[in-house]
Amino acid sequence: MNDGILATDDQIGFFTKNGYLVLENLLSAQEVSLYADIYNKFLDGTIDTGKNRGDLGDGLGKTGKVESITQIMWPSDFMPELLQMTYHRKALAFCRELLGADLNIDFDMLINKAPGTNTPTPWHQDAAYWINMPDTRAVSCWLALDNAFVDNGCMWYVPGSHVKETRPHRYAGKEGGALVCECDESEGVAVEIKAGTCILHHGNTLHYSRGNSTQTNRRAFIVNLRPEKMIALEREKGHDHGRGGKAGDRKVRNEKY
Ligand SMILES: O=C(O)CCC(=O)C(=O)O
Numbered sequence: 589m590n591d592g593i594l595a596t597d598d599q600i601g602f603f604t605k606n607g608y609l610v611l612e613n614l615l616s617a618q619e620v621s622l623y624a625d626i627y628n629k630f631l632d633g634t635i636d637t638g639k640n641r642g643d644l645g646d647g648l649g650k651t652g653k654v655e656s657i658t659q660i661m662w663p664s665d666f667m668p669e670l671l672q673m674t675y676h677r678k679a680l681a682f683c684r685e686l687l688g689a690d691l692n693i694d695f696d697m698l699i700n701k702a703p704g705t706n707t708p709t710p711w712h713q714d715a716a717y718w719i720n721m722p723d724t725r726a727v728s729c730w731l732a733l734d735n736a737f738v739d740n741g742c743m744w745y746v747p748g749s750h751v752k753e754t755r756p757h758r759y760a761g762k763e764g765g766a767l768v769c770e771c772d773e774s775e776g777v778a779v780e781i782k783a784g785t786c787i788l789h790h791g792n793t794l795h796y797s798r799g800n801s802t803q804t805n806r807r808a809f810i811v812n813l814r815p816e817k818m819i820a821l822e823r824e825k826g827h828d829h830g831r832g833g834k835a836g837d838r839k840v841r842n843e844k845y
């Protein structure tokens with residue numbers, strides 16, 4: 589996966605069937621180290637993200653100095669050069685091949701599970717957080733900046749769930765916090781990956797991760813893409829994924845149920 593390299597038929601076939609796809613070694617070890625340094629500046633507040641920073645695990649895990657699940661919306665608003673760097677460029681190029689040349693980046697975010705925070709990300713489909721759109725093509729790129737494995741909160745997916753109905757969602761804990769739907773590990777597969785590898789999932793794919801019970805961070809950098817016309821539709825209706833200090837504005841928006 590890099591600028592101008594085609595997605596293979598096997599990759600497209602796997603994603604179409606399963607609703608997720610692993611892209612090994614998207615970043616080199618050197619690039620991982622560069623991104624990890626940047627990421628740490630967001631985490632330690634050197635880059636102040638104000639109310640774009642929130643706790644996705646609010647009400648789900650322990651309370652303390654560190655968020656149960658740190659979520660920072662729109663890191664590229666605070667560091668615009670990220671948009672021109674390897675990860676965003678490769679994500680855009682590959683996803684256009686996977687789902688269409690009209691795709692663009694909708695938003696980006698950081699989700700970290702700090703050491704010992706032990707807070708699972710509840711089972712959900714991203715589509716539940718979003719307004720219903722006539723074109724449902726959507727893909728999230730989940731780049732690991734640490735090796736991600738079961739005990740520190742690697743991602744789990746339910747293969748094939750992206751082509752089924754979006755399940756009813758509700759708040760998992762506090763109002764404004766993470767959403768959850770009925771699902772459990774027996775339906776899913778855990779996808780352990782190395783730092784520098786990226787997993788793509790469709791906007792309707794059921795996913796989840798266990799809490800981090802280890803002594804090191806589990807840092808993920810996420811870039812979300814969809815057709816430009818759908819991005820324009822969202823903005824027209826006032827939806828911008830927590831931009832401008834609204835990280836805690838999470839709710840069921842697909843409004844089917
Ligand atoms: O990193 C996690 O634990 C959850 C990520 C997630 O839900 C997403 O990228 O849509």
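The numbering of the sequence shown is the numbering used here, which starts it at 589 and goes up by one.
Backbone N, C-alpha and C define an ideal beta-carbon position, used for all residues, glycine too.
No experiment lies behind these values; they were computed from the predicted model shown.
Please report how far the alpha carbon of residue i lies from the alpha carbon of residue j, in whole angstroms.
i    : j    : result
I626 : R814 : 25 Å
G748 : D772 : 15 Å
F602 : Q659 : 29 Å
R758 : C769 : 7 Å
G741 : E780 : 9 Å
E655 : G830 : 17 Å
A679 : E619 : 15 Å
V811 : L686 : 15 Å
A702 : A760 : 20 Å
T604 : D597 : 10 Å
M589 : S621 : Any answer about M589 is weak, because its pLDDT of 48 lies below 50 and its placement is not dependable; what the coordinates show is given next. Rounded to the nearest angstrom, the two C-alpha atoms are 19 Å apart.
N842 : G832 : 22 Å
V751 : S774 : 19 Å
G688 : L821 : 18 Å
D714 : T724 : 11 Å
K782 : R806 : 11 Å
V738 : E763 : 28 Å
L631 : Y623 : 12 Å
E753 : R677 : 31 Å
Since residue i and residue j should fall inside the 8 Å C-beta cutoff, what is the C-beta to C-beta distance between them, to a whole number of angstroms?
i    : j    : result
L767 : H827 : L767 to H827, Cβ: 15 Å. No contact.
T674 : L615 : 6 Å
N628 : G784 : So it is not a contact: roughly 16 Å between Cβ atoms.
D646 : E816 : D646 to E816, Cβ: 33 Å. No contact.
K825 : I693 : Wrong, their Cβ atoms sit about 19 Å apart, outside the cutoff.
C683 : V727 : 5 Å
State the beta-bridge partners of residue i as determined by DSSP.
i    : result
V727 : H790, L813
F695 : N812
A766 : None; A766 has no bridge partner.
V610 : I787
R846 : No information on residue 846 is available, as it lies outside the stretch 589 to 845 that the chain covers here.
A778 : W744
Considering only their Cβ atoms, is the gap separating residue j from residue i smaller than 8 Å?
i    : j    : result
I635 : M667 : yes
I699 : L644 : yes
L648 : T707 : yes
N640 : A835 : yes
S801 : T709 : no
M697 : M818 : no
V840 : A736 : no
V777 : W730 : no
R823 : G765 : no
Q803 : G642 : no
L671 : P663 : no
Determine, for residue i, whether the minimum Cβ-Cβ distance to residues of chain B falls below 8 Å.
i    : result
Y627 : Although the question refers to chain B, the structure presented lacks it and comprises just one protein chain.
### Query
Is the region 786-804 touching the region 609-616 in the sense that three or more CB pairs, one from each, lie closer than 8 Å?
In short, these stretches touch, since the Cβ pair count reaches three.
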